[in-house]
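Data block below; observations after.
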Amino acid sequence: METNADLQVYDLAHLGLVAGIMDRMKLVETVDHQVGPRPNEKVSTGVALKAAVLNALGFVSSPLYLFSHFFQGKPTELLLGPGVTPEFLNDDRMGRMLDDLFEAGVTEVFLGIAQAARKAFPFPVQALHVDSTSFHVHGVYGSGEEGQTVDAGDEPLAIRLTHGYSRDHRPDLKQWVMNLVCADSGGIPLLYAPGDGNQSDRAELVGLVRRYRESLNLGEVVVLDGASYSQENLWALEGFGWILRVPASLKEAQQLQQGEAPAEAWLPLLPGYRGLEVEREYGGVRQRWLLVESEERARLAEEELKRRVARAEGEAQKVLGKLTARSFACEADLRGALAEASARLPFHRLVYLGVKEERKRGRVGRPPKGEPPLAVGYRPLVRVELDQGKLERARQGLGRFLLATNVLDTLRLPAAEVLRRYKGQARTVERGFRFLKDPLFFASSTFLKRAERVMSLGMVMAVALLVYTLGEWELRRKLLENQASLPDQKGKPTQRPTLRWVFQLFLWVRLVVLEGRPRVLNLTPHHETAARLLGVERYYLLE
Numbered sequence: 000m001e002t003n004a005d006l007q008v009y010d011l012a013h014l015g016l017v018a019g020i021m022d023r024m025k026l027v028e029t030v031d032h033q034v035g036p037r038p039n040e041k042v043s044t045g046v047a048l049k050a051a052v053l054n055a056l057g058f059v060s061s062p063l064y065l066f067s068h069f070f071q072g073k074p075t076e077l078l079l080g081p082g083v084t085p086e087f088l089n090d091d092r093m094g095r096m097l098d099d100l101f102e103a104g105v106t107e108v109f110l111g112i113a114q115a116a117r118k119a120f121p122f123p124v125q126a127l128h129v130d131s132t133s134f135h136v137h138g139v140y141g142s143g144e145e146g147q148t149v150d151a152g153d154e155p156l157a158i159r160l161t162h163g164y165s166r167d168h169r170p171d172l173k174q175w176v177m178n179l180v181c182a183d184s185g186g187i188p189l190l191y192a193p194g195d196g197n198q199s200d201r202a203e204l205v206g207l208v209r210r211y212r213e214s215l216n217l218g219e220v221v222v223l224d225g226a227s228y229s230q231e232n233l234w235a236l237e238g239f240g241w242i243l244r245v246p247a248s249l250k251e252a253q254q255l256q257q258g259e260a261p262a263e264a265w266l267p268l269l270p271g272y273r274g275l276e277v278e279r280e281y282g283g284v285r286q287r288w289l290l291v292e293s294e295e296r297a298r299l300a301e302e303e304l305k306r307r308v309a310r311a312e313g314e315a316q317k318v319l320g321k322l323t324a325r326s327f328a329c330e331a332d333l334r335g336a337l338a339e340a341s342a343r344l345p346f347h348r349l350v351y352l353g354v355k356e357e358r359k360r361g362r363v364g365r366p367p368k369g370e371p372p373l374a375v376g377y378r379p380l381v382r383v384e385l386d387q388g389k390l391e392r393a394r395q396g397l398g399r400f401l402l403a404t405n406v407l408d409t410l411r412l413p414a415a416e417v418l419r420r421y422k423g424q425a426r427t428v429e430r431g432f433r434f435l436k437d438p439l440f441f442a443s444s445t446f447l448k449r450a451e452r453v454m455s456l457g458m459v460m461a462v463a464l465l466v467y468t469l470g471e472w473e474l475r476r477k478l479l480e481n482q483a484s485l486p487d488q489k490g491k492p493t494q495r496p497t498l499r500w501v502f503q504l505f506l507w508v509r510l511v512v513l514e515g516r517p518r519v520l521n522l523t524p525h526h527e528t529a530a531r532l533l534g535v536e537r538y539y540l541l542e
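Here numbering that gives the first Met the number 0 is used: the first residue of the sequence shown is 0, the next is one more, and so on.
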């Protein structure tokens, strides 16, 4: 902020967009109602959370644990309310806010925020995507975090910060797990739940959906990955409509994936995909299995197969070298060793060409005529060649994967829709995880010392993702509805901008207060278009 007696200049940028979206979803009111009054706080828990989300979506090199520095030079009274100045937004206030959220129950508070957002922005939901990811933590954690969680009566329980399967590729560090349930519309998160660092997705994700079924209003199809496909989980999902990937390790799945079917049995699905549909019963549950074949996936798999064959040829040559260096007592032993070695080769075979006799004698020099050798050895003559049968078997099933659904009515859920909803996993919850792990978000690793605050910080991250995805969905919808557009990175009009790019467009927007009169500088028509379509006019003085 630049200031003198009559002039103050504040860095407003895109923060008005973020604050306006939170206002529309009634974030502050919802949180303060759930947490309850904090009479001694000059900044309520809801306002402190709003400030933390502004920090998280600031997209600057100021991580969440440098909370107080972020608001220097920002118009905090405009964004957060009269009397809220940067000195009230310090690290201590953030810590108390995290403690308040933990005491109120981070999953329940987030659920209330998401429900309020869904009322304010009635986005359609046809499928719910459930997945998890891990975030590593820095520092030394004692037995309280590493040991078993202790039930404290009515008190909320803390997760365990411990070692587990690391999606961050940091197995040396302890971690915690974030579980999300996201809507297929824009990947908007509807449920956040933290988990132990060594959480088993197979056991946890289905249980999470069951626990919050009524709150999520699960009339939609639930989409989970293959880790959740088990007999126990299929029974647990009774009453749900679901789409699951069938693990390739199942014998029935392997038979279907590697089998052959007449061309007329395949159904056209999405562009570049075809499918074969059969009805099966697994774990006592009737279901439709959809074998999907992807042209692009098959092409990539074929290229990988060629690389594997090339590597395997080198290994086969080593096996050949070891075999030809041996001497066998008889030809039968030689042929047996040759067959055994050839069977172990994944793509090649050893072709028998004959033997070379080696006679061993008791002394050096030319033996007398008629003297019999002490022993006769047989050294194989062999070559390596590609086994077309093995190669064809390896090609079977390339580019294929298997989906299952318990929705047996093909009119209600056609095969193409099964695939479309499953593919939505990559652009919803997985996209959200990539967003949260982006270096600009600066929360891919956490530095807090207590597991309780780590859980609450995870909720702040999830709320930031909710605000971002909700704003992007709403802006795209409004642009289409009003036949409007914004410039993309090349200056061409687009109706599907990313919200991050829109934030970039607002980079140089400033709030100036001259002799007590506020003005917003550097606004252009596309700034006004975005602000009006998102309903945040007041932050840019457009009312």
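From the three backbone atoms N, C-alpha and C, an ideal C-beta is built for every residue, glycine too.
Cβ-based burial, residue i [other Cβ within 10 Å; buried from 16]
| i | result |
| --- | --- |
| L506 | exposed |
| R285 | exposed |
| E451 | buried |
| D91 | exposed |
| Y552 | Residue numbering for the chain in the displayed model covers 0 to 542; residue 552 lies beyond these limits and cannot be assessed. |
| Q131 | Checking the sequence shown, residue 131 turns out to be Ser, not Gln. Classification of S131: buried, given that the 10 Å Cβ count is 16 or more. |
| S43 | buried |
| H32 | exposed |
| T84 | exposed |
| N521 | exposed |
| E542 | exposed |
| R475 | buried |
| R516 | exposed |
| T523 | exposed |
| V136 | buried |
Proximity of residue i and residue j at Cβ, strictly below 8 Å
| i | j | result |
| --- | --- | --- |
| C181 | T427 | yes |
| R420 | A126 | yes |
| E514 | D5 | yes |
| R399 | E276 | no |
| M458 | A157 | no |
| L160 | F109 | no |
| A530 | E536 | yes |
| V129 | V208 | yes |
| L16 | G470 | yes |
| L11 | V462 | no |
| L352 | V381 | yes |
| G477 | L532 | Per the sequence presented here, residue 477 reads as Lys, with Gly not at that position. Result yes, Cβ atoms of K477 and L532 sit closer than 8 Å. |
| L344 | A315 | yes |
| A415 | L269 | yes |
| G238 | W472 | no |
Residues bridged to residue i (per DSSP)
| i | result |
| --- | --- |
| W288 | V277 and A403 |
| K355 | R378 |
| R518 | V511 |
| V462 | Answer by DSSP bridge pairing: none, since V462 is not bridged. |
| P492 | P486 |
| P188 | C181 |
| H128 | C181 and V222 |
| Q174 | H135 and T161 |
| L385 | H347 |
| R244 | L402 |
| Y539 | Its beta-bridge partners do not exist; DSSP assigns none. |
Beta-carbon contacts of residue i that lie in its chain and below 6 Å, excluding the five residues immediately before and after
| i | result |
| --- | --- |
| N232 | V205 |
| V406 | G240 and L412 |
| Y377 | F327, E330, L333 and V354 |
| S214 | L110 |
| W265 | R273 and L275 |
Cβ separation of residue i and residue j, assumed to be a contact under 8 Å, to the nearest whole Å
| i | j | result |
| --- | --- | --- |
| M96 | L48 | 6 Å |
| Q71 | S133 | Between S133 and Q71 the Cβ distance is about 33 Å, and since that is not below 8 Å, they are no contact. |
| A50 | L79 | 6 Å |
| I242 | T404 | 5 Å |
| V220 | G423 | The pair is not a contact, with the Cβ atoms about 10 Å apart (cut-off 8 Å). |
| S229 | R212 | Not really, about 19 Å apart at Cβ, beyond 8 Å. |
| Y9 | L510 | 4 Å |
| Q494 | L479 | 5 Å |
Cβ neighbours of residue i in the same chain (closer than 7 Å, five flanking residues each side left out)
| i | result |
| --- | --- |
| D386 | F346, H347 and R348 |
| G146 | Legend: pLDDT at G146 = 41, less than 50; position of this residue unreliable, no value from coordinates given. |
| L464 | P188, G431, F434 and L435 |
| A252 | V245, P246 and L401 |
| Y538 | G15, A18, G19 and L77 |
| A338 | none |
| L236 | V205 |
| A290 | Note on identity: in this sequence residue 290 is Leu, with Ala being the wrong assignment. Cβ within range, chain order: L255, Q256, G274, L275, R399 and L401. |
Same chain, Cβ closer than 8 Å to residue i, neighbours up to 5 away in sequence not counted
| i | result |
| --- | --- |
| A119 | R23, M24 and K25 |
| D568 | For residue 568 there is no data in the structure shown, the boundaries of the chain being 0 and 542. |
| V52 | V17, M21, L26, V459, V462, A463 and V466 |
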